[in-house]
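Below: one structure, written as structure tokens.
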Amino acid sequence: MSNDAGFGVRPPALRDAAGAIARAAERVGALEPASALNRIERAMPGSASAAAARDLARVWRKGYAEWEAAARRHGVALRAGADDYEAVDARAAARLESRGSRDPLDR
2 MSNDAGFGVR
12 PPALRDAAGA
22 IARAAERVGA
32 LEPASALNRI
42 ERAMPGSASA
52 AAARDLARVW
62 RKGYAEWEAA
72 ARRHGVALRA
82 GADDYEAVDA
92 RAAARLESRG
102 SRDPLDR
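In my numbering, each residue's number is its place in the sequence shown (first place is 1) plus 1.
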């Protein structure tokens with residue numbers, strides 16, 4: 002849908018974006034960003050490097066998990082937005098139909 006002012010929303014495009022962000026979240030969720038850092042800790046037990054690697058691994062795991070969760074929420078919101086736009090358009094169309102045409106060209 003669009004109007005002369007240039008504003009328009011395409012619910013199918015919102016749903017496509019929701020699907021894309023959901024797929025990205027799934028890929029990020031499957032990553033193991035700390036796996037290389039775990040090797041440092043095993044190779045240099047007790048060292049400052051091992052402790053730093055352990056801390057960084059924890060930060061990365063948390064950051065990736067938070068990004069994944071935020072991306073999933075965003076996808077849900079995009080899908081809900083598409084549904085809301087369609088519902089509002091359908092209600093508006095039904096109200097206009099129930100009142101009959103008011104377009105002078107239709108008379």
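For glycine and all other residues, C-beta sits at the position ideal for the given N, C-alpha and C.
Close-in-space but distant-in-sequence residues of the same chain around residue i (CB under 8 Å, 5 per side omitted)
i   : result
V29 : Y65, W68, E69 and A72
Same chain, Cβ closer than 6 Å to residue i, five either side skipped, listed in chain order
i   : result
A19 : G76, L79 and R80
Chain D contact for residue i (CB, 7 Å cutoff)
i   : result
A21 : No chain D appears in this structure, which consists of one protein chain only.
Whole-Å CB distance - residue i paired with residue j, under 8 Å assumed
i   : j   : result
E42 : A49 : 11 Å between Cβ atoms; not a contact.
Span separating the alpha-carbon of residue i from that of residue j
i    : j   : result
A23  : L57 : 26 Å
P13  : D85 : 12 Å
R100 : R92 : 13 Å
Segment limits, alpha helix (DSSP H) that includes residue i
i    : result
V89  : A49 to R100
G9   : Here G9 belongs to no alpha helix (DSSP H), and DSSP marks it neither H nor E.
A111 : With the chain covering only 2 through 108, there is no way to say anything about residue 111.
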